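Residues in the sequence shown are numbered consecutively from 6, following my numbering. Idealized CB from N, CA, C, for every residue including glycine. Since the structure is predicted, the reported quantities are computational estimates derived from the model, not experimental observations.
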Amino acid sequence: MELNEQQQEVVNHIYGPALVTACPGAGKTRCLTERAINLIRNGINPKNLLCLTFTNKAAKEIKQRISKKLESEEMLFFIGTFHSFCAAILRKYGHKIGYTSKFSILDQKEQEDMIMNIAQKMGLKKSNINIYDVLPHVNNWRENLETDQELLDRFEEHPEYYDISIKYLEEIKKQNTIDFSGLLSETVRLFEEDKILLAKFQEKYKFILQDECQDGNYIQFYLMNKIGEKYKNVMIIGDIDQNIYSFRNARYQNVLDFKQMYDCKHFILDKNYRSTKQIIKCANNLIKHNSTHLTGEMETDNEEGQPVICQGFENPQEEARWIANNIRNLVENYGYSYSDCAVLYRLNNLSLEIQIALSNQGIPFTVIGGPSFFDRKEIKQCISMLKFLINPQDFLAFSKIASLVSGVGIKTIHNIEQLAIDNSINILEVCKNVEKYTDKKNTQELCNKINESFNFDYSSFHAGDCLYNIIDKFDYMKLLENSCKQDDFEDRQLNVNELVNSATQFGQKNKSVEKYLQNIALISSSDKENSDSVSLQTIHSVKGLECLIVFSTSVEQQIMPHWRDLADPNNSVELIEESRRLFYVSITRAKKLLYVSYCKTRLQRNAKGFMSTKKCKPSQFLYESELLKKKKHK
């Protein structure tokens, strides 16, 4: 396929700064690839080119395209992520600031372990430090190139966290290790301390291309401009309308700042080669409501296509059955395959009813970017609670529950299991009368907790009430919160609540806890990856991908936009605009057919533990995209 006029202008641009804003499906990767090839064919030494990408996947794709076009296996210039670029620099020149070439790169878990060890060496108890309050701040501080005072300000309420952070940075350097934020910040420090080396890189990389600029953070933007400031032959490609990663420090302001910094040529790629006119119309209607929208209206030469279907349902179970029925109909009657279909949602917990509905109809699916709902750690733990409730001889379920309690080790668990074996009784009977069998304090405390939580007649309750009672008595939510960072806890808490809701829905038709566990087991066993399967994934994980048929689900006020976005008094407009971009990304993944759905009610449990039906409203984005019409008041 030939380049269109706009794309050709991008490819032909050689000297001077340039901004390329590209709508979804505009062929920006092809433009970037063709421009690199064009520079080489116009006599630019490949060694003077630098191409920076947001992901390793994008870098690999660009490398393959260029190699094929130039008929060369050898890549003559650097193409890769900022982190891989900085790692290469530090391997070669890090000795100038105290690193050897053999430094290790720490992952997040290793960072957490090191910070916790430092805190304990400083005399702080494990219970007195929240690792998830320290780590993001020390990372963000470096990625935003803030001052020491700004780090101190971040820890105003916990000055000891500042001391931990400083000691952590000293310690990783002493051990010749570096973390991901450090790869960026130490490269900046290297260039600041060695101006001759910086000048060498500025001379070497006369032409710079950066892909997905809106997804980069501040320090990446700073580093790119620092290297490119001599020749200013910098081209950035991005789309503010697809900026959905602010929680990772992504800045759409990079695009706006670049425009202000340079008298740059601005190319707009507004022709979409992916979607039908009907889908494009819906997307255009939506995104024009964002104040940051730069690209203009998308256009397409594609067919008109089928109208976008927007449907409301009484509850998530009806919505899920509708999705499953439509997928089966499309496959059986219209010649599509399961792999042509993608189901998108904002939060992982919203996938539960969809997984159940697909499984019930024998439709294969694959959960992309994470485990299936039933493979999540917190869900397995909750299911183990129900298993142990109905079968106190289930040692595996017991060990999973007992290990949740702080201070309980494998030895204590084995002691209780052995008491059950030696006395020919089940574990719950050991727990009821533990003082008869042992005087070990740890064993007695655990048994008492198990007895308080599980010793009740479950036959008069359905699965949802049983699970809720155990979670409450066992203080599971508190145990869960202590075991993970805040953002992760909120996600896990939502998953647990959704499981309780689902168990309640099942219980309204069948009270048997055993039948509920059997149903879950059958669903879990059918959830195996299949080459021809429906993709289930969050919208955040789908950017950069496309699919023939998309189901965008749970598009409700309080979910998209999220209730936290709506409630934030300082940043509500900014957060709602990002939510709008999220919905925009979801609908622009669709090539042929787009289904959008929302629920009118959802189950929730009140403070007293009673289930109630919460009314839901369609998202404001459905009206903005004109998928729903506002009722006119007479």
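Straight through space, the alpha carbons of Ser-106 and Ser-507 are spaced by roughly 53 Å. Counting C-beta atoms within 10 angstroms of its own C-beta, Glu-197 has fewer than 16 neighbours from the protein chains shown and is therefore classed as exposed. Annotation for Lys-596: the continuous beta strand (DSSP E) segment containing it runs 595 to 604.
By the Cβ test, the stretch 230 to 239 is not in contact with the stretch 72 to 80, since fewer than three Cβ pairs between them sit closer than 8 Å. Secondary structure note for Lys-514: it is in no alpha helix (DSSP H), with a DSSP letter that is neither H nor E. Per DSSP, the beta-bridge partners of Ile-554 are Cys-346 and Leu-598. Taking the Cα of Asn-474 as reference, the smallest distance to any Cα among Ser-517, Gly-21, Asp-199 and Met-390 is reached at Met-390. DSSP places Met-119 within a helical segment (H, G or I) once states are collapsed to three. Annotation: the continuous beta strand (DSSP E) that includes Gly-243 extends over 238 to 243. The straight-line gap separating the alpha-carbon atoms of Ile-476 and Leu-485 is approximately 10 Å.
Straight across, the Cα-Cα distance linking Lys-130 with Lys-441 is about 35 Å.
Here Tyr-173 is buried, its C-beta having at least 16 other C-beta atoms within 10 Å.
Under the DSSP assignment, Phe-83 falls in the beta strand (DSSP E) whose first and last residues are 83 to 86. Apart from the 5 residues on each side of it in sequence, Tyr-227 sits with its Cβ closer than 8 Å to the Cβ of Leu-150 and Val-193 in its chain, given in chain order. Scanning its chain for C-beta atoms nearer than 7 Å, with the 5 sequence neighbours on each side dropped, one finds around Pro-51 the residues Ile-45, Leu-81 and Phe-82, in chain order. Taken atom to atom, the span from the alpha-carbon of Thr-606 to that of Lys-483 is near 28 Å.
If you look at Ala-31, you'll find it isn't in any alpha helix (DSSP H); DSSP assigns it neither H nor E. Within the model, the alpha-carbon separation for Val-501 versus Ile-384 is close to 6 Å. Apart from sequence neighbours up to five positions away, the residues of its chain that approach Ser-458 with a beta-carbon distance below 7 Å are Ile-475, Lys-478 and Phe-479, ordered along the chain. Spanning the alpha carbons of Leu-499 and Ala-41 requires a straight line of approximately 46 Å.
When only Cα atoms are considered, Lys-392 and Ile-406 end up about 10 Å apart.
Burial check for His-100: the Cβ neighbour count within 10 Å stays below 16, so the residue is exposed. Counting along the chain, Lys-382 sits inside the alpha helix (DSSP H) bounded by residues 382 to 395.
Beta-carbon to beta-carbon, Leu-472 and Cys-387 are separated by about 6 Å, close enough to satisfy the 8 Å threshold. Shown here, Arg-610 sits in a strand according to DSSP, grouped into three states. Pairing Cys-287 with Val-313 gives a Cβ-Cβ distance under 8 Å. Under the DSSP assignment, Ile-71 falls outside any beta strand (DSSP E), being part of the alpha helix (DSSP H) whose first and last residues are 61 to 75.
Exclusion of the five residues before and after Asn-487 leaves Ser-411 as the residues of its chain whose Cβ lies within less than 8 Å of its Cβ.
Using a 10 angstroms sphere on the CB of Lys-596, the tally of other CB atoms reaches 16 or more, which defines it as buried.
Here Ile-273 really is in contact with Gly-301; their C-beta atoms are around 6 Å apart, less than 8 Å.
When only Cα atoms are considered, Cys-621 and Ser-559 end up about 10 Å apart. Non-local C-beta neighbours of Phe-370 in its own chain, meaning closer than 6 Å and more than five positions away in sequence, comprise Leu-363, Ser-538, Val-539 and Leu-541, ordered along the chain.
Scanning its chain for C-beta atoms nearer than 7 Å, with the 5 sequence neighbours on each side dropped, one finds around Gln-316 the residues Trp-327 and Ser-602, in chain order.
By the Cβ test, the stretch 512 to 523 is not in contact with the stretch 281 to 298, since fewer than three Cβ pairs between them sit closer than 8 Å.
Relative to the Cα of Met-229, the nearest Cα in the group Ile-201, Ile-581, Ser-190 and Tyr-250 belongs to Ser-190.
Going by DSSP, Thr-443 is part of no alpha helix (DSSP H) at all; its letter is neither H nor E.
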